[in-house]
Every structure is written in C-alpha cells, then in structure tokens.
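Heads up: the sequence lines are chains P and L, in that order. Quick note on the numbering used here: the first sequence kicks off at 1 and runs consecutively. Quick note on the numbering used here: the second sequence kicks off at 186 and runs consecutively. Here the structure comes first, spelled out in structure tokens, and everything after it is commentary.
Protein chains: 2
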Amino acid sequence: MVERDYTMKEAMMFSQRIGQLSKALWKAVEKDWQLWIKPYDLNINEHHILWIAYHLKGASISDVAKFGVMHVSTAFNFSKKLEERELLAFSKRDTDKRNTYIELASQGEDLMQEMIERYHDTPHSVIDGSLKLRELYGKFPEFLEVMAVIRTIYGDDFMEIFEASFKNIESKFNEENHIVEAAEK
Amino acid sequence: MVERDYTMKEAMMFSQRIGQLSKALWKAVEKDWQLWIKPYDLNINEHHILWIAYHLKGASISDVAKFGVMHVSTAFNFSKKLEERELLAFSKRDTDKRNTYIELASQGEDLMQEMIERYHDTPHSVIDGSLKLRELYGKFPEFLEVMAVIRTIYGDDFMEIFEASFKNIESKFNEENHIVEAAEK
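Structure (structure tokens):
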C-alpha cells in the first residue's frame, strides 16, 4: 500500500472542488467560444487549431495536439479539413523533416483578424465574470494555482507554448499600434 | 458602442489564458474521472448525478442540472436510467410539490461507498499535480480566483450547493471516524 500524506477526506474534498470548478469553468468557456465561432461554420477543435496556428505563427501537428489538448489524429484530421477550405496549409520544415507543420493561409489570417474584430459581437461570460477581479487587481486574474497544477500535469513543454502564445499576441498588438501610429503621422 | 475599461489586447490575452487553462484542467479531470468510473459501467454524467445525490443527500433535478452543469433534460434522462438500474429513486417532497427529487437507493449508496474506497486504484493526475502546492500551503489549493469567476457567472445558488457539498463530505467522514472510534472502544 502506498503511504499518502493526505487523508481520504482531503482527497474527496479536493476532488469535489477541482471537478466542479473545472467543469463549470470549461462549460462557460465552451459556451462563449461556440457563440463566437457560430457565424463561421467552424467547430471548437477547428477554431482552436486555427487559433494556435495564428498565435504561434505556424505549429507542428504534435504541438497543436499537445497545446490543443486533443488527439494527434483529431489535430491532423481537422487540419486536413481546414486545408481543404484553404484556411491553412501543410508544410515540412528543413530543420525538422519528421514533423508535419501547419500554417495559416492568407484566407485563414483574414478570418482570424475578422474574428478578433468581431469578438465583442457575442457575450463573453468569463471576461464579464472576471471584471471585478480586474478592478481589484488592476489586471485580469492569472490563475497561478491552476497554472502550477497544469505545469505539473502537462509539463514544461506545454507551458513554453503557453508563454510563446502570449508573446505573440503582445507583439501582434504592438505591431498594429505601430501601424496605426505610422498611419496617423 | 459600449465603453470598455480593457483593451482588445488584454481581452485576447485573458481569453487565451482562461481558454487554454480551463480546457487543459477539465481534460485532465475528465480523464481521471473516466478511469475511476470505468469498472462501473457509468458515464461521467451518470456518475456526476449519483455523486451529487450522494453528497447533497438527495437533490432536485434542477439542482442536479445546475450543479452538474448539464441540461435539465440530460439530468432527467440519465436519472431515469439510474432509477432503472435501481441506483437511485425519484420522489416528491411535501414542502415542494413542483420539483422532482432524486435520492440514492441503497445499492447506489453502496456503490458510492465502494468507489470512494477504491479511489486510489486509478491515477488522479489533478491530485498528484497539486501535491507540491499542498506541501507549500499545508493544504490543497482552493482556486479562489476561479471560485470568484464561477460565482459571478453561475450565481450564489451554485456556490451554496458547492459549500453544502463540502459540509456533507466533512460530516460524512466525521461520522465514519466516530463509528471507527466507537468500534475500537
């Protein structure tokens, strides 16, 4: 028998907490997401793949699967469908011939751009539900405890992609501001 | 146009954070849950209904739907199946004739008890992934930021059921200790 530092009561209470909270949070995120993508004839997996390709400036299928928390076959099959719709393209990289990479086609880029512009056309309960914390903290909450748990479960790889996606969002928006500023001159 | 205190960049970064974290966390919880219930021929919704009935000592179908984050029809239909398997029973309460209530049948009670006893027969990545925080904090993490967001989205009702479930787990385990202690005397 394995020795454990925690009691069964603690395990049951924690299991109840993380089960209920993660289900409720994900169902809210999923609902917001579905409303946002509804006009575009995409399912969540398809949009997630495009989103990952957009924010990582291209990605391997295995990174898409890891970061999208989906099977490799799901990532591949939906990518194939998105290729047929000319939203993304497959490629090999000279530095890594073993993996298949995807990147957004120009139609896919335009679609992602349009979806960001129309983000506020649909409600986002998780944003609205976080505004009071934003007021208190001066910024949106970071969920550091959740990040610590995810890091332990999914490993540093997952967190590196997570961090990279933020850097790319940051630089994309800075570029845009730069373009706006340059245009205003 | 609605005035917003936050920029589109902030919205996109937060949306990315909460989307990725909640999906990854829920998928880990879901995987653990599926492994745990696998020997019992139950799906997650069915087990969730039994679990809610167990921890709330009976519940209305609408409370099951709310707390289980499922449609009322899903809650009702799966409850019906569980009734056919003699794991739970339907009833009306004299104090509330309008709602249908469920409570565990004795076979359902036994099943829940057995599943708790066999909890550690399968891996629980979210528990293992939280042990370092438990070491640091002296207790399992509480995810208070997530709770604040959930409270805003799902309302006080949801949180009251959430708190009630903890009180019941607490009292159940205290009773058991009491029984063990009494038996040891």
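Cβ atoms here follow ideal geometry from the backbone N, Cα and C, with glycine treated the same way. Computed from a prediction, not measured in an experiment: that's the story for all the values here.
Alpha-carbon spacing of residue i relative to residue j, whole angstroms
i: Phe131(L); j: Ile234(L); result: Residue 131(L) is absent from the structure shown; chain L starts at 186 and stops at 370.
i: Met197(L); j: Met147(P); result: 18 angstroms
i: Val254(L); j: Ile52(P); result: 27 angstroms
i: Ile246(L); j: Tyr137(P); result: 38 angstroms
i: Val64(P); j: Gln292(L); result: 44 angstroms
i: Asp94(P); j: Lys139(P); result: 41 angstroms
i: Lys282(L); j: Glu195(L); result: 48 angstroms
i: Lys357(L); j: Phe351(L); result: 10 angstroms
i: Arg336(L); j: Ser125(P); result: 11 angstroms
i: Glu188(L); j: Asp121(P); result: 14 angstroms
i: Lys27(P); j: Lys265(L); result: 24 angstroms
i: Leu88(P); j: His71(P); result: 19 angstroms
i: Phe76(P); j: Glu84(P); result: 12 angstroms
i: Glu294(L); j: Ala59(P); result: 49 angstroms
i: Gln219(L); j: Glu360(L); result: 29 angstroms
i: Glu170(P); j: His47(P); result: 20 angstroms
i: Leu267(L); j: Lys277(L); result: 17 angstroms
Contacts that residue i makes with chain P (C-beta to C-beta distance below 8 angstroms)
i: His240(L); result: Gln16
i: Phe325(L); result: Tyr6, Glu10, Met13, Phe14, Arg17
i: Ile354(L); result: Lys9, Met12, Met13, Gln16
Under 8 angstroms between C-beta atoms of residue i and residue j
i: Ala105(P); j: Glu117(P); result: no
i: Asp128(P); j: Lys66(P); result: no
i: Thr259(L); j: Asn228(L); result: no
i: Pro326(L); j: Asp217(L); result: no
i: Tyr119(P); j: Met193(L); result: yes
i: Ser22(P); j: Val334(L); result: no
i: Lys242(L); j: Asn362(L); result: no
i: Gly143(P); j: Glu330(L); result: Just to set this straight, residue 143(P) is Phe in the shown sequence, not Gly. For Phe143(P) and Glu330(L), yes; Cβs fall inside 8 angstroms.
i: Ala24(P); j: Tyr339(L); result: yes
Interface partners of residue i on chain P, CB under 7 angstroms
i: Phe347(L); result: Gln20
Cross-chain neighbours of residue i in chain L, by beta carbon under 8 angstroms
i: Ser133(P); result: Note that residue 133(P) is Leu in the sequence shown here, rather than Ser. Those within 8 angstroms of Leu133(P) in chain L are Glu330, Ala333, Val334.
i: Tyr40(P); result: Neighbours of Tyr40(P) on chain L: none; closest Cβ ~16 angstroms, over 8 angstroms.
i: Ile116(P); result: Met193, Met197
i: Val29(P); result: Ile203, Gly204, Ser207, Lys208
Where residue i meets chain L, residues with beta-carbon distance less than 7 angstroms
i: Ala11(P); result: Tyr304, Ile312
i: Phe173(P); result: Lys194
i: Ser187(P); result: Only positions 1 to 185 of chain P appear in the structure, and residue 187(P) is not among them; the question remains open.
Residue i: contacting residues in chain B (beta-carbon distance under 8 angstroms)
i: Ala209(L); result: The structure shown contains no chain B; the protein chains it does contain are P and L.
Contacts that residue i makes with chain L (C-beta to C-beta distance below 9 angstroms)
i: Ala75(P); result: Result: empty, since nearest Cβ-Cβ is about 14 angstroms, beyond 9 angstroms.
i: Ser130(P); result: Phe199, Ile203, Glu330, Ala333, Val334, Thr337
With a threshold of 8 angstroms, are at least 3 pairs of Cβ atoms found where one atom belongs to the segment 150–167 of chain P and the other to the segment 197–205 of chain L?
Touching, yes.
Okay, do the segment 123–133 of chain P and the segment 39–58 of chain P touch, 3+ Cβ pairs below 8 angstroms being the bar?
Put simply, the segment 123–133 of chain P does not touch the segment 39–58 of chain P. Fewer than three CB pairs are less than 8 angstroms apart.
Just checking, does the segment 295–310 of chain L make contact with the segment 89–103 of chain P on the three C-beta pairs under 8 angstroms criterion?
Too few Cβ pairs lie closer than 8 angstroms, so no.
Restricting to runs no shorter than 4 residues, where is the alpha helix (DSSP H) found entirely within the segment 74–121 of chain P?
For the segment 74–121 of chain P, whole alpha helix (DSSP H) runs of length 4 or above, ordered along the chain, are 106–117.
Please list the segments of the alpha helix (DSSP H) lying wholly inside the segment 230–259 of chain L, counting only runs of 4 or more residues, in order along the chain.
Those alpha helix (DSSP H) runs which fall completely within the segment 230–259 of chain L and span 4+ residues are 246–253.
Jot down the residue ranges of each uninterrupted alpha helix (DSSP H) in the segment 301–365 of chain L, minimum 4 residues, whole runs only, in chain order.
Taking only runs of at least 4 residues, the alpha helix (DSSP H) segments lying wholly in the segment 301–365 of chain L are 310–313, 316–322.
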